[in-house]
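Protein chains in written order, with my numbering: chain A, 350 to 617; chain B, 276 to 625; chain C, 35 to 293.
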Amino acid sequence: MKKKRKTLWEHFTSCYLLLILLFIYLPILYVILFSFNESKSLSNFTGFSLKWYENMFQDRTMLQSIYYTVLVAVIATVVSTIVGTVAAIGLSKAKRVVRTLVLEVNNLPVMNPDIVTAIGLMLLFISMKVQLSLVTLILAHITFCIPYVILSVMPKLRQLDDNVAEAALDLGANPWQALTKVIIPQIYPAILSGALIAFSMSFDDFVISFFTAGVGINNISMYVYSMKRYNPSVNALSTLIMVVVTLILILVNVIPSVREKRNKKEEA
Amino acid sequence: MKKMMAAVLTLVMLLTVCVPFAAADGVLNVYNWGEYIDKQVITNFEKEFGVRVNYSLFSSNEEMYTKLLSGASYDVLVPSDYMIERLLKENMLQPLDRSTVDNLGNLCEGVQNLSYDPDNTWSVPYLWQTVGIVYDTTKIDPEKIEEAGWDIFLDPEYAGHTYMYDSERDAFMVAFKALGYSCNTEDETEIQAAYEWLIKMDEAVKPSYVTDEVIDSMANGEKWMALVYSGDAAYILSENEDMGYCTPKQGTNIAVDAMVIPANASNPEMANQFIRYITEYDNAVMISEEVGYASANAEALAELSGEGGTYEGNAAYIPRAGYEQDEMFHDNETLKKTLSELWIKVKLHE
Amino acid sequence: MKSFFRMSYPYILWIAVFIVAPMFMILLYALTRTGNSTLTFQFTLDNFARFLREPTFLRVLWTSLRVALLTTVFCILIGYPAALFIAGLPERRQTMMVLLLTLPMWINMLLKTYAWRGILLNFDFASETKVFIGMVYDFLPYMIIQIHTSISKMNPDLKTAAYDLGANKWVTFKRVTLPLSIPGIISGITLVFLPAVSSFVIPKLLGGGDYVLIGNLIEIYFLTAGDWNFGSAISLIMALIIIASMWATKKLDRNAQEE
Chain A
350 MKKKRKTLWE
360 HFTSCYLLLI
370 LLFIYLPILY
380 VILFSFNESK
390 SLSNFTGFSL
400 KWYENMFQDR
410 TMLQSIYYTV
420 LVAVIATVVS
430 TIVGTVAAIG
440 LSKAKRVVRT
450 LVLEVNNLPV
460 MNPDIVTAIG
470 LMLLFISMKV
480 QLSLVTLILA
490 HITFCIPYVI
500 LSVMPKLRQL
510 DDNVAEAALD
520 LGANPWQALT
530 KVIIPQIYPA
540 ILSGALIAFS
550 MSFDDFVISF
560 FTAGVGINNI
570 SMYVYSMKRY
580 NPSVNALSTL
590 IMVVVTLILI
600 LVNVIPSVRE
610 KRNKKEEA
Chain B
276 MKKMMAAVLT
286 LVMLLTVCVP
296 FAAADGVLNV
306 YNWGEYIDKQ
316 VITNFEKEFG
326 VRVNYSLFSS
336 NEEMYTKLLS
346 GASYDVLVPS
356 DYMIERLLKE
366 NMLQPLDRST
376 VDNLGNLCEG
386 VQNLSYDPDN
396 TWSVPYLWQT
406 VGIVYDTTKI
416 DPEKIEEAGW
426 DIFLDPEYAG
436 HTYMYDSERD
446 AFMVAFKALG
456 YSCNTEDETE
466 IQAAYEWLIK
476 MDEAVKPSYV
486 TDEVIDSMAN
496 GEKWMALVYS
506 GDAAYILSEN
516 EDMGYCTPKQ
526 GTNIAVDAMV
536 IPANASNPEM
546 ANQFIRYITE
556 YDNAVMISEE
566 VGYASANAEA
576 LAELSGEGGT
586 YEGNAAYIPR
596 AGYEQDEMFH
606 DNETLKKTLS
616 ELWIKVKLHE
Chain C
35 MKSFFRMSYP
45 YILWIAVFIV
55 APMFMILLYA
65 LTRTGNSTLT
75 FQFTLDNFAR
85 FLREPTFLRV
95 LWTSLRVALL
105 TTVFCILIGY
115 PAALFIAGLP
125 ERRQTMMVLL
135 LTLPMWINML
145 LKTYAWRGIL
155 LNFDFASETK
165 VFIGMVYDFL
175 PYMIIQIHTS
185 ISKMNPDLKT
195 AAYDLGANKW
205 VTFKRVTLPL
215 SIPGIISGIT
225 LVFLPAVSSF
235 VIPKLLGGGD
245 YVLIGNLIEI
255 YFLTAGDWNF
265 GSAISLIMAL
275 IIIASMWATK
285 KLDRNAQEE
């Protein structure tokens, strides 16, 4: 295809998306900026300093909180994405009454204030005589992450053509093949966005984590919310997270395109 | 997609395997407010006693209490006075081993002989504070505020220039004290009068109801006056020269955060060692210097506020002690419920 | 297709244990009097009556619903075009955009809200405007991602067919793209409206504390006041109202689809 000159409409759409990104990243830039602030202030930039980074690396509780946050978020995302996707596919074939009922229950953790989910889960663990620990924390996170996966995957499933899966079954595929070869590839974007949302939810949760984590387990949000006085090291921490994630994203995006180019060259 | 799964699985395995915490002989579980200690003190303690301190954080007494209901076992807690009272009532604490915790001789005047635990059988004060008013001396005459005390919150001149702390206990304390009542009163007419006082306050100064963001805001001089804890006021005053601090003449609330050992602690012996360690002069100085709240250790308090000390000349650092109208809160769940409900109505008042 | 439905058994078991059982305990609290640990139950409807009798509480509920509704509307208005435009990009760019939108969600919400507080200090907005900026900011990515997922990978043949049949861009949008994106909008609404009703950190920090919202109220009763019975009752009332309003939305969806 020839490169066309951008139309006015295309310019407009790019500008719109750029504005959205600007809006989304404005406070992030602000957080990053104040990680380099000399004073503790959050609205008054007094001078450049790296002391909050130093402070962060000396703070074991804070470093541990990164570890727990990432560990819990990764496990919760993997489990909830798998369970959620499978459940959503199953539910899409369920009777309408069953589906509506289950989805309504599924919405409960999304709709309940965190404190209600948190106390509910804590009561559950107490009544089952389970000591709070890392495991209960992960179970709680999986519980509130699955609904987000289902909410993402369900609408895509509704768009799906039922006949394709049935045709696959008729042609002798077993349900597992129909699932992995036919259904999942078609809803892949929805699974991915469900996983992303689940990961964000887990990463940012405070209240539920607070009441379901065992002794000595703090995640980043617990650290941030319990600060009696603001410590800009949390800005430094956030900056670090942004940098690491950005690097990963660049790697993930650059490596395939480099490989593609190389493949093309080899072909040529 | 398979590659991605593999990557994720590797990550999980890496995370689970490389547990980044070196094993130590023992573990001590400490449960304290966030940003309420000098981390160096913990590191030093670990080195000296060969234990690993597992540090957990909470942001309110009630959160901590609810978490304890789950049966979680901590070794040292640092709740406030009224919460210790409740924990004692519910038999959730164990007495200190006073043969280990033996250096309480230098507790400062404000934290001796406290009603919830007069002879320190159960608890040792950590840091303490009063509640007062931080104000911009370029906008408000210090004499005027000393004269008016809490009644300054009824002065319409400061409409739109005031921060009120968003906590039912503190706000009602202000009203009770302004009216000359006890801040623990259960008398319905007095509570009603305080409610009306707060409504008047809401109309007169149209305050912004804030919590911890008040510290940064007042350090920037965004408003003229604010209800603040003395420990936070000490920080504000050290950041902004224009700010002054007043402990109103009608009396205020004294709050003490103290170290206790829960009944279900798994390492009480080390908990007692930890408490004794914190009460030592050097450590008391480090903690109070870092946090800005007044030390319970008289010598540390004198050192930090004395010549060359970090808080020399800081009007908010040393809380007022021995003043007759000053009081501590007592644990009273019914009162707390009543006040929370009334407080919502005050905030929603138009 | 029965074999497919069986796949959701593990999940149904999971929600029975981790969602239904805890909610049952909350219900038990809402229906009983006093006591975090009493074993003798005294059933009562007082907790519900107490909420419905008090005008202040009803006003809080109303404000929460209004704030959540407006937030949702703004998110759709701003998010829909964004999702549409993203879907028009080449595929790799689309993934990139979705990741770019997700990334900021990994920074702690409290920190971002503090940042907004700092930024908005420089502007003389009404506190309500500030609250909406903060709320829309927090929830917009969910809406965009949901809508985008529903229109991305949409069968392009449908569009081409519509063009071939002489439909112009607008008609194609109205007849093809929009109806297909409705499930996405619905789940976007679910992801924005439901949590928005019970959120309170943003309104509290950006609205100068004048905003008492239902989530705030529930938190006060659970933690500060230690009255789990009443707190549970409030959360159930809220849940009922939300479920009712979501039913209404779904009705609309069904009607729209039948058209």
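The beta carbon of each residue, even a glycine, is placed where N, CA and C say it ideally should be. For clarity, every value in this text was computed on a predicted model and none was experimentally measured.
- By the neighbour-count criterion, in which a residue is buried when 16 or more other Cβ atoms sit within 10 angstroms of its Cβ, P89/C is exposed.
- DSSP lists M518/B as the bridge partner or partners of D411/B.
- In the displayed model, Y484/B falls within a strand according to three-state DSSP.
- A contact is defined here as three or more CB-CB pairs under 8 Å, and the segment 573–588 of chain A fails this definition with respect to the segment 163–178 of chain C.
- Close to chain A, meaning a Cβ-Cβ distance shorter than 7 Å, is no residue of the segment 357–381 of chain B at all.
- By the 16-neighbour rule on beta-carbons within 10 angstroms, M477/A is exposed.
- DSSP places A501/B in the uninterrupted beta strand (DSSP E) bounded by M500 to Y504.
- Taking 8 Å as the upper bound for CB-CB distance, E321/B and V328/B are in contact here, some 6 Å apart.
- Taking 8 Å as the cut-off, the Cβ atoms of S345/B and I381/A do not count as close.
- Rounded to whole angstroms, the separation of the alpha carbons of N395/B and L257/C is 28 Å.
- If you check the CB distance, P594/B and W403/B come in under 8 Å.
- Interface flag for E514/B against chain C is unset, since no Cβ pair is found closer than 8 Å.
- Counting only residues of its own chain and dropping the five nearest sequence neighbours on each side, N81/C has a CB closer than 7 Å to the CB of A64, N263, F264 and A267.
- In this structure, DSSP gives M57/C a helical state, which the three-state scheme calls helix.
- The beta carbon of T341/B falls within 8 Å of a beta carbon belonging to chain A, placing the residue at that interface.
- If you draw a straight line from the Cα of A514/A to the Cα of I487/A, it comes to about 34 Å.
- Judged by DSSP in its simplified three-state form, I566/A adopts coil rather than helix or strand.
- Taking CB atoms only, M571/A has a neighbour in chain B less than 8 Å away.
- Assignment of beta-bridge partners to D532/B by DSSP yields S355/B and L402/B.
- Separation of the CB atoms of D517/B and I490/B is rounded to 15 Å, and the pair is thereby denied contact status at 8 Å.
- About 4 Å separates the CB atoms of V231/C and A102/C; that is less than 8 Å, so the two are in contact.
- Exclusion of the five residues before and after Y402/A leaves A585 as the residues of its chain whose Cβ lies within less than 7 Å of its Cβ.
- Taken in chain order, the whole beta strand (DSSP E) runs of length 3 or more contained in the segment 365–409 of chain A number zero.
- In the structure shown, R327/B falls within a strand segment according to DSSP collapsed to helix, strand and coil.
- Within the same chain, W308 and G309 come within 8 Å of S334/B by CB-CB distance, once the 5 residues on both sides are set aside.
- Taking CB atoms only, A196/C has no neighbour in chain A less than 8 Å away.
- Here M57/C has no same chain residue with a Cβ atom under 6 Å from its own Cβ, once five neighbours each way along the sequence are excluded.
- In terms of Cβ geometry, V353/B and M534/B form a close pair [threshold 8 Å].
- The Cβ atoms of L134/C and V594/A lie no closer than 8 Å to each other.
- One thing to note: K498/B has its Cβ no nearer than 8 Å to the Cβ of A434/B.
- L509/A places its beta carbon less than 8 Å from that of Q535/A.
- Flagged as an interface residue toward chain A: I49/C, by a C-beta distance shorter than 8 Å.
- Checking the DSSP bridge columns, you'll see E602/B partnered with N528/B.
- T258/C carries a helical assignment under DSSP once its states are collapsed to helix, strand and coil.
- Taking CB atoms only, M591/A has a neighbour in chain C less than 8 Å away.
- Judged by DSSP in its simplified three-state form, S549/A adopts helix.
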